[in-house]
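Note that the sequence shown covers residues 113 to 254 in our numbering.
Below: one structure, written as structure tokens.
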Amino acid sequence: MPQSLESDGAPDTHSQCHVFVYGTLRRGGRNDIARYRPAPVHVVDATIAGTLYDMGAYPGAVLDGQRRIVGEIYRIAPPVEAALDRLEEVADDDSGEYIRRHVVVEADAQRFECLVYEIHPARIEGRAVIDGGDWIAHAAAR
């Protein structure tokens with residue numbers, strides 16, 4: 113799918129948003145976000161406040177708290193956002209596996225409003241906390 117272009121030929125960034133990814137969507141992950149089109153643009157590596165849970169084949173984040181979650185911020189276009197909603201099984205009534213959240217993330221002395229997929233709270237019962245908050249490192253150590 114072609115990117116829409118502004119009159120100067122540059123990609124249209126007005127309709128794009130930022131997403132913070134922390135699990136299988138990270139670089140090298142099973143669902144690496146780089147496979148989506150139009151290609152997401154890596155902005156910066158970052159951390160957010162939250163607790164990361166081992167859901168088996170993937171992690172789930174519960175936002176806020178004293179712990180930190182390691183991830184990456186990407187600029188994405190609306191078709192990618194829609195594809196991520198499907199992957200994360202987001203439901204309009206927040207009953208899906210993940211819930212869409214908007215969080216301000218600080219990284220490299222900048223603030224980014226990011227979409228973050230938070231695991232539905234009912235799904236974490238009995239799941240282990242990933243102490244380091246880094247899914248890629250945790251998955252590699254298994």
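Glycine included, C-beta positions come from ideal geometry on N, C-alpha and C.
Check: Looking only at C-alpha atoms, which of 223, 218, 196, 130 sits nearest to residue 255?; Outcome: In the structure as shown, the chain starts at 113 and stops at 254, and residue 255 therefore has no counterpart that could be examined.
Check: Assign residue 236 to one of three DSSP states: helix, strand, or coil.; Outcome: coil
Check: Does the count of Cβ pairs from the region 185-194 and the region 154-162 closer than 8 Å reach three?; Outcome: yes
Check: Can you tell me the Cα-Cα spacing of residue 138 and residue 154, whole angstroms?; Outcome: 10 Å
Check: Going by alpha carbons, who is nearest to residue 206 out of 239, 147, 231?; Outcome: 231
Check: Using alpha carbons as the reference points, say which of 250, 254, 249, 237 lies closest to residue 174.; Outcome: 237
Check: Going by DSSP in three states, residue 150 sits in which element: helix, strand or coil?; Outcome: coil
Check: Pull up the distance between the alpha-carbon of residue 199 and that of residue 221, whole angstroms please.; Outcome: 31 Å
Check: Which residue or residues does DSSP assign as beta-bridge partners of residue 215?; Outcome: 226
Check: So, under 8 Å CB-CB, residue 177 and residue 247 are touching, yes? Tell me the CB distance rounded to an integer number of Å.; Outcome: At roughly 17 Å, the Cβ-Cβ gap does not stay under 8 Å, so residue 177 and residue 247 are not in contact.
Check: Express the C-alpha separation of residue 166 and residue 241 in angstroms, rounding to a whole number.; Outcome: 6 Å
Check: Around the Cβ of residue 249, are there at least 16 other Cβ atoms within 10 angstroms (buried) or fewer (exposed)?; Outcome: exposed
Check: Tell me the residue span of the beta strand (DSSP E) that contains residue 179.; Outcome: 171-188
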